[in-house]
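Chemist: Read in order, the letters of the first sequence correspond to residues 38 to 514 in the working numbering.
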Amino acid sequence: MSDGSAMNGIHDTSPVVVWFRRDLRVDDQPALTAAAATGRPVIPCFVWAPDEEAPWAPGAASRWWLHQSLEQLSRSLATLGLRLILRSGPTLTTLQQLVQETGAGAVYWNRLYEPAIVRRDKGIKATLQQAGLEVQSFPGHLLHEPWAIENQQARPYQVFTPFYRAVQELGSPSTPYSQPSGILPPSRWPVRLELGELNLLPQIDWAGGLRDTWTPGEAGAIEALETFADSPVAVYKEQRDFPGVQGTSRLSPALHFGEISARRIWHTCRRNPAAEPYLRQLVWRDFAHHLLYHFPHTSEQPLREEFNHFPWRADTRDLRDWSRGQTGYPIVDAGMRELWATGWMHNRVRMIVASFLVKDLRLHWMEGARWFWDTLVDADLANNTLGWQWAAGCGADAAPYFRIFNPDLQSRKFDPEGRYIKRWVPELAGMAPKALHDAAALPHAPDGPATYPSPMVDHRKARDEALTAFAQLRQLP
DNA sequence: TGAAATGTTGGGGCG
DNA sequence: ACGCCCCAACATTTC
38 MSDGSAMNGI
48 HDTSPVVVWF
58 RRDLRVDDQP
68 ALTAAAATGR
78 PVIPCFVWAP
88 DEEAPWAPGA
98 ASRWWLHQSL
108 EQLSRSLATL
118 GLRLILRSGP
128 TLTTLQQLVQ
138 ETGAGAVYWN
148 RLYEPAIVRR
158 DKGIKATLQQ
168 AGLEVQSFPG
178 HLLHEPWAIE
188 NQQARPYQVF
198 TPFYRAVQEL
208 GSPSTPYSQP
218 SGILPPSRWP
228 VRLELGELNL
238 LPQIDWAGGL
248 RDTWTPGEAG
258 AIEALETFAD
268 SPVAVYKEQR
278 DFPGVQGTSR
288 LSPALHFGEI
298 SARRIWHTCR
308 RNPAAEPYLR
318 QLVWRDFAHH
328 LLYHFPHTSE
338 QPLREEFNHF
348 PWRADTRDLR
358 DWSRGQTGYP
368 IVDAGMRELW
378 ATGWMHNRVR
388 MIVASFLVKD
398 LRLHWMEGAR
408 WFWDTLVDAD
418 LANNTLGWQW
428 AAGCGADAAP
438 YFRIFNPDLQ
448 SRKFDPEGRY
458 IKRWVPELAG
468 MAPKALHDAA
478 ALPHAPDGPA
488 TYPSPMVDHR
498 KARDEALTAF
508 AQLRQLP
């Protein structure tokens, strides 16, 4: 075991362990780049330890994606002459063991910012350092570190617009690193698990729709970015709200798993002056991490405390109907079915289905957060928390409680031809577009589509009830 | 990153 | 020609 001989002036040839987490790439990979720069052998590893992220261990769709992504990373590391050492946790003892087996003198990784992970990583860093190892963590997941931005009172921001202004004043995020080369392998590779042994894939193969939709991995992400930055990014502003067209980059899962870095996206898109509205969305991602970092309880608790007293309903049947896309509101059902089939949902539609769950059904936003967590391939604790608290009106910069989406109006506005609805609710494919935007008037069995349900709530009534419930919050002391 | 209710304005029909 | 009403279009307020 190394005893930190790097410090005593003798040329250190002990390996550097690069602990991959959600930075499954070789481009703009600060930890890997730093390890390569030491000139010492590099041992890349990934440790599967989902319990350490409880209660937000990766969901089923995320695990499917992770499996593919690890496979791709193994391949690209192989082209660099390296192997990805797969192990199963607990992380600390696994890393200690790997260090012992290989005689490594250093462990490098890129930082993550979820509260449970920060806590774990601090402990791991302290313990490894006490054992005499050189431990370094690097910024690479966000455009800016969550603590790099604060308001005049030296407090974290809670409103996006001033946060965005502060980000703009910081100027460009630092330049991405290019892929390192000439990395030394260790003299002998330690044992590793086979990817299949991590059991990331579902027992029953329900992932067909995911396979048909996605190309996980760094190469696919870079290709998607190049295509997007070439021209679609310029019409993002006009097209991003229409779920029936491909108006967004669809990079969210790759960003979550770090198959591509936010800085790389930023610098690639900046070539195009019309990219600002898109890059603004990338700053929303930083904002979500900023909030979760500074308000670590918000993945479980509303940021605005009065919402602890909100009379949420508890109705497992309603929750199930929403989850399965059987609400009787075509735009809502289309979204929920797209999610189930592909592990992803257009952001405009995420807002619509979220508003429907928390306002029309008055079910707890955490129920929605948990469903999204299990089914989204891009499930991300910071973004998911921000999104659901925003929709419920209980978060930072949240939609006011009285802002209630009318599903019929939303679909009329954002899916006028019904392209999106018809794709995901095929039993309505024969209907005239206009009819799709009037849920209550849709003919139902036996005259209409035999299997399509009638609306589970009357939006007008549900809206009034929600307003009444939300108004009570303001009466509270 | 709402929607509905309410208010205002102005054109045009009509007695 | 004029006042009145209607109502669409737009603006503002309220939830």
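Note that the Cβ used here is the ideal one computed from N, Cα and C, for glycine as well.
What you are looking at is a predicted structure, and each value in this text was computed from that prediction instead of being measured.
1. Quick check on this structure: which residue in N384, R120, T250 and N345 has the alpha carbon closest to the alpha carbon of P222?
2. Let me know if V395 comes out buried or exposed under the rule of 16 or more other beta-carbons within 10 Å of its beta-carbon.
3. In chain order, what residues of the same chain lie with their CB nearer than 6 Å to the CB of V462, ignoring the 5 residues before and after it?
4. Since I believe P183 is in contact with Y330 (beta carbons under 8 Å), could you give me their beta-carbon distance rounded to a whole number of angstroms?
5. Just confirm the distance between the C-beta atoms of I186 and H383, as a whole number of angstroms; I'd bet it's less than 8 Å.
6. So W56 packs on W146, CB below 8 Å; how close in whole Å?
7. In terms of DSSP beta bridges, what is R350 paired with?
8. What are the partner residues of L446, as DSSP defines its beta bridges?
9. Is it buried or exposed, T305, if we count other Cβ atoms within 10 angstroms and call 16 or more buried?
10. With DSSP as the reference, label Q338 as helix, strand or coil.
11. Grab the span of the beta strand (DSSP E) containing R124 for me, first residue to last.
12. Following the continuous beta strand (DSSP E) through Y457, name the residue where it begins and the one where it ends.
13. Where DSSP assigns a beta bridge to S174, which residues make up the other side?
14. Where R4 and S491 are concerned, what is the direct C-alpha to C-alpha distance, given to the nearest angstrom?
15. Please return the same chain residues whose Cβ sits closer than 6 Å to the Cβ of S174, not counting the five positions on each side in sequence.
16. Using the beta-carbon count (16 or more within 10 Å), is F439 buried or exposed?
17. When you compare each of Q205, A256, S360 and R385 to Q216 by their alpha carbons, which one comes out closest?
18. Does E263 pass the burial test, meaning 16 or more other C-beta atoms within 10 Å, or should it be called exposed?
19. Check for me: the alpha helix (DSSP H) holding C306 runs from which residue to which?
20. Taking H48 as the reference, give the member of A72, V63, R77 and D65 with the closest Cα.
21. Are L132 and R229 close, meaning C-beta to C-beta below 9 Å?
22. How long is the line joining the alpha carbons of V54 and L288, rounded to whole angstroms?
23. Between F15 and the rest of its own chain, which residues show a CB-CB distance below 6 Å, the 5 nearest in sequence each way excluded?
24. Quick one: is N420 buried, meaning 16 or more other Cβ sit within 10 Å of its Cβ, or exposed?
25. On the CB-based measure, 16 or more other CB atoms within 10 Å of its CB, does E260 come out buried or exposed?
26. Our contact map puts T139 next to P227 with C-beta atoms below 8 Å; I'd like the distance itself, whole angstroms only.
Modeler: If we stick to the structure as given:
1. The shortest CA-to-CA distance from P222 to any of N384, R120, T250 and N345 is the one to R120.
2. buried
3. P367, D370 and A371
4. 4 Å
5. Actually they do not touch by this definition, with Cβ atoms about 29 Å apart.
6. Right, the Cβ-Cβ distance comes to about 4 Å (below 8 Å), so this counts as a contact.
7. Partner(s): L400.
8. None; L446 has no bridge partner.
9. buried
10. coil
11. I122 to S125
12. No beta strand (DSSP E) contains Y457, which is instead part of the alpha helix (DSSP H) from R456 to W461.
13. W146
14. Residue 4 falls outside the range modelled here, since the chain spans only 38 to 514, and no answer is possible.
15. W146 and R148
16. exposed
17. A256
18. exposed
19. A299 to C306
20. Residue R77 is the option with its Cα nearest to H48.
21. no
22. 28 Å
23. Past the edges of the chain, shown from 38 to 514, lies residue 15, and the structure says nothing about it.
24. buried
25. Exposed is the call here.
26. Right, the Cβ-Cβ distance comes to about 5 Å (below 8 Å), so this counts as a contact.
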